[in-house]
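When you line the sequence shown up against this note's numbering, it's residues 1 to 300, in that order.
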Amino acid sequence: MEKELKIANYDVRSDASIKEKLWVVIPVVLLIGLLSTLIYKHHAEFSIEGLVSGFDSDFLMFFAIGAFAQLVDGTLGMGYGATSTSFLLAYGVPPVISSTGVHVAEMFTTGASAISHHKFGNINKKLVKHLLIPGVLGSVIGAYLLSDVISGDVIKPFIAVYMILLAVIIIRKALAKTIVKKKTKKLGYLATFGGFMDAVGGGGWGPIVTSTLLGRGRNPRYTIGSVNAAEFAISFASGITFMLFGGIHGWQVIIGLILGGVIAAPLGAYLVNKIKRKPMMVAVGILIILLSLKTLSKLL
C-alpha cells in the first residue's frame, strides 16, 4: 500500500512538473517557429550591408522605445502598446506600420515577459485560462479590420485620442484610494474588448484588462504576471493576422522594438514588486498624453 502511494505521489509530481515546463516550452517553441518562418519568408529583404546600415539613429530610437515600453509594461502590467505606439506616432511612423511593428515585436517581447513572470512565480494560471481565448478572438478581429478594412490615415487621430483616454485611465487608477476586493464577473467580455482595442489602437490590453482587475482589488503581482502571460497569446494572434492580411513593413521598427523589449523583459518582471506603482503610473500616463497631443497637433 505504501509503495503504491509513493508511486501515485511520484506520478502526480511528474505530471505537475511537465505542466510547469509547458509554460516555458510552448512560448519558446512558438517563438522559434515564428523566427524561422520570418527568416525563411523575408530573407531576401535583408543583406549584410542593409543590416549594418540599418543601425542608425532611427534604429537606436526604436530600440530605446522598445526597452522603455517593456519596462513600463513588465512593472505596471500595462502600457507597452500605448507607450510604444505614442512614441512611434510622435516620431512620424505611419499608423499601420507602428501598429504592425508593435504587435509583431510584442510576439517576442510578451513571450520573453511571460517566461520571466513564470520564473519569478507571478502567474495565476486559472486567470490566464479565463483571459486567453476571448482575448485572442478580439485581437484577431481588430487586427483584420486595421490591416484590411480601415485606412491608417483616417484612424490616426482617433488612435491619438484613444491613447489619451488610456492615459487618463492609467492616471485615475494610480490616484484611486484603497480598493475593496470585489468578484470580477464577465472576464470573457473584458478580455475580448481588451484584445480588440489593443489590435486596433496599437495598445490597450493592459490599461483595459489589468486596470479593471486591479480596480477590483486583485493582487497586483499575480494580476500583472497573469495578464502579461495571456498577452503573449493575444499578441501572437494579432501579429499573425497582420502578417496574413497586411504583410510586414517597417523591419527597422520591428527589430529595434524586439531587441529592446526582449532585453528589458526580465528586468521588468523582477521589478514588479520592487517599485512604487502610483508615481510610475502617473508619470507614464502624463507622458502618453503629451506624446498623443503632439501627434494630434501635427495632424491639425
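Each residue gets a CB set at the ideal place from its N, CA and C atoms; glycine is no exception.
Contact check, residue i vs residue j, beta carbons under 8 Å
{"i": "Q70", "j": "G239", "result": "no"}
{"i": "R221", "j": "V272", "result": "yes"}
{"i": "V200", "j": "L145", "result": "yes"}
{"i": "H103", "j": "S235", "result": "yes"}
{"i": "G101", "j": "L257", "result": "yes"}
{"i": "T295", "j": "A160", "result": "yes"}
Sequence-distant residues of the same chain with beta carbon closer than 6 Å to residue i, five excluded per side
{"i": "I123", "result": "H117, G225, S226, A229"}
{"i": "P134", "result": "G188, A191, T192"}
{"i": "V12", "result": "Any answer about V12 is weak, because its pLDDT of 45 lies below 50 and its placement is not dependable; what the coordinates show is given next. There are no such residues."}
{"i": "M305", "result": "Because residue 305 is not part of the residues shown, which for the chain are 1 to 300, the question remains open."}
{"i": "A143", "result": "A199, S238, T241, F242"}
{"i": "G138", "result": "T192, G195, F196"}
{"i": "I289", "result": "I164, A167"}
{"i": "L127", "result": "S226"}
{"i": "K185", "result": "none"}
{"i": "N219", "result": "none"}
{"i": "V29", "result": "none"}
{"i": "I39", "result": "none"}
{"i": "K21", "result": "none"}
Among the options, nearest to residue i - alpha-carbon criterion
{"i": "A112", "options": "L88, L137, A67", "result": "A67"}
{"i": "E231", "options": "L38, I32, S86, A105", "result": "A105"}
{"i": "G285", "options": "I32, I39, M61, D73", "result": "D73"}
{"i": "M61", "options": "V253, K294, P94, T295", "result": "V253"}
{"i": "G81", "options": "F158, I115, M163", "result": "M163"}
{"i": "S98", "options": "T109, F108, M107, S86", "result": "S86"}
{"i": "R172", "options": "G142, V200, L214", "result": "L214"}
{"i": "S292", "options": "L38, S36, L89, G204", "result": "L89"}
{"i": "M281", "options": "L31, I141, A64, V168", "result": "V168"}
{"i": "A303", "options": "M78, G77, L76, S84", "result": "Given that the chain is displayed from residue 1 to residue 300, the structure contains no residue 303 and the question cannot be resolved."}
{"i": "H130", "options": "M107, V28, V209", "result": "V209"}
{"i": "A174", "options": "T212, L267, F158, K185", "result": "T212"}
{"i": "P94", "options": "G250, I255, A283", "result": "G250"}
{"i": "S57", "options": "L30, S36, Y91", "result": "Y91"}
{"i": "G217", "options": "V128, K294, A176, I159", "result": "A176"}
{"i": "L267", "options": "L76, F59, K21, I39", "result": "L76"}
{"i": "L31", "options": "V96, M107, I255", "result": "M107"}
{"i": "G204", "options": "V29, I170, F59", "result": "I170"}
{"i": "K125", "options": "A283, T223, I248, I255", "result": "T223"}
{"i": "I255", "options": "N219, F158, F59, A283", "result": "F59"}
Close-in-space but distant-in-sequence residues of the same chain around residue i (CB under 8 Å, 5 per side omitted)
{"i": "F120", "result": "G225, A269, Y270, V272"}
{"i": "L165", "result": "none"}
Sequence-distant residues of its chain with Cβ nearer than 7 Å to residue i (five each side left out)
{"i": "A265", "result": "Q70, G74, T109, A112, S113, S116"}
{"i": "P27", "result": "G111, A114, I115, F232"}
{"i": "V24", "result": "I115, H118"}
{"i": "V140", "result": "A237, S238, T241"}
{"i": "I263", "result": "A67"}
{"i": "L34", "result": "M107"}
{"i": "A283", "result": "none"}
*So does the segment 134-146 actually touch the segment 276-287, counting three or more Cβ pairs closer than 8 Å?*
no
*Starting from the N-terminal side, write out each stretch of the alpha helix (DSSP H) that is 4 residues or longer and does not extend beyond the segment 90-162.*
95-119, 125-148
*For the segment 187-232, which segments carrying the alpha helix (DSSP H) assignment without a break, of at least 4 residues, lie completely within its bounds, in sequence order?*
187-201, 211-215
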